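Note sheet for the following structure.
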Amino acid sequence: MEVKVIILFFILFLIGLFIIGLFKFKSNKKTAMILIYIPTLIFIVSIGLFLMLSHQTTVDSIQLEVEGENGKYTLKGKWLEKYDYYSYGTDILVFYAPDNQKIPVVVKEDMKNQIQKGILSHAKDMLKGSKNYIIGLEP
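In terms of numbering that gives the first Met the number 0, the sequence shown is residues 0 to 138.
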């Protein structure tokens with residue numbers, strides 16, 4: 000309860016500074032700008048921090064499927080709920096293996112790289128089929 004009271008007093012203090020800055024605007028613009036902008040900046044940053052730190056991903060947010068063949072397992076999944084891109088760094092998947100075995104991680108290429116490579120190979124094939132293609136030229 001003490002933390003909520005401290006936060007409430009801090010918010011009231013920032014609002015007070017903002018209001019004082021509005022009243023001082025005609026007499027002293029530099030002081031008024033400081034009294035207006037600093038509380039506003041602190042308020043915006045604190046809202047951003049609150050939104051970032053309050054984000055939690057539940058187990059029901061993702062659907063995972065494990066496919067196994069000859070002792071090798073592939074994990075496939077998709078997000079069921081809306082996925083927030085700004086919280087990417089805070090979402091972690093944890094897997095436990097028996098006897099603390101090491102699990103090799105194979106990172107697949109993202110779709111953007113796959114599309115770029117596909118377009119590049121298609122362009123190379125088109126160039127090689129052209130009558131003006133210089134032998135040995137790689138785009």
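Every residue gets a Cβ at the ideal spot worked out from N, C-alpha and C, and that includes glycine. Remember, it's a predicted structure, so these values are computed and weren't measured experimentally.
I35 and L21 closer than 8 Å at C-beta: One-based indexing of the sequence shown puts residue 35 at position 36. One-based indexing of the sequence shown puts residue 21 at position 22. Yes. Within cutoff.
Contact check, P38 vs L16, beta carbons under 8 Å: For the purposes of this step, residue 38 is taken as residue 39 along the sequence shown, with counting starting at 1. For the purposes of this step, residue 16 is taken as residue 17 along the sequence shown, with counting starting at 1. Cβ atoms of P38 and L16: closer than 8 Å.
Limits of the unbroken beta strand (DSSP E) element including L74: On the sequence shown, residue 74 is found 75 positions in, with the first residue counted as 1. That run of the beta strand (DSSP E) goes K71 to W78.
Beta carbon of K75 nearer than 8 Å to that of E66: Mapped onto the sequence shown, residue 75 falls at position 76. Mapped onto the sequence shown, residue 66 falls at position 67. Cβ distance < 8 Å, so K75 and E66 count as in contact.
Cβ pair I61, L40 closer than 8 Å: Residue 61 sits at position 62 when you count from the first residue of the sequence shown. Residue 40 sits at position 41 when you count from the first residue of the sequence shown. Contact flag unset, no.
Three-state secondary structure assigned by DSSP to I46: The sequence position of residue 46 within the sequence shown is 47, counting from 1. It is helical.
First through last residue of the beta strand (DSSP E) which encompasses I61: Here residue 61 corresponds to residue number 62 of the sequence shown, with the count starting at 1. In the DSSP assignment, I61 falls within the beta strand (DSSP E) that extends over I61 to E68.
Same chain only: Cβ atoms within 8 Å of I18, ignoring 5 sequence neighbours per side: Here residue 18 refers to the residue found at position 19 of the sequence shown. Here the set comprises nothing.
I102 versus A96 - alpha carbon distance: Taking the sequence shown and counting its residues from 1, one reaches residue 102 at position 103. Taking the sequence shown and counting its residues from 1, one reaches residue 96 at position 97. Rounded to the nearest angstrom, the two C-alpha atoms are 8 Å apart.
Rounded separation between S53 and L63 - CA only: Counted from its first residue, the sequence shown places residue 53 at position 54. Counted from its first residue, the sequence shown places residue 63 at position 64. In a straight line, the C-alpha of S53 is about 24 Å away from that of L63.
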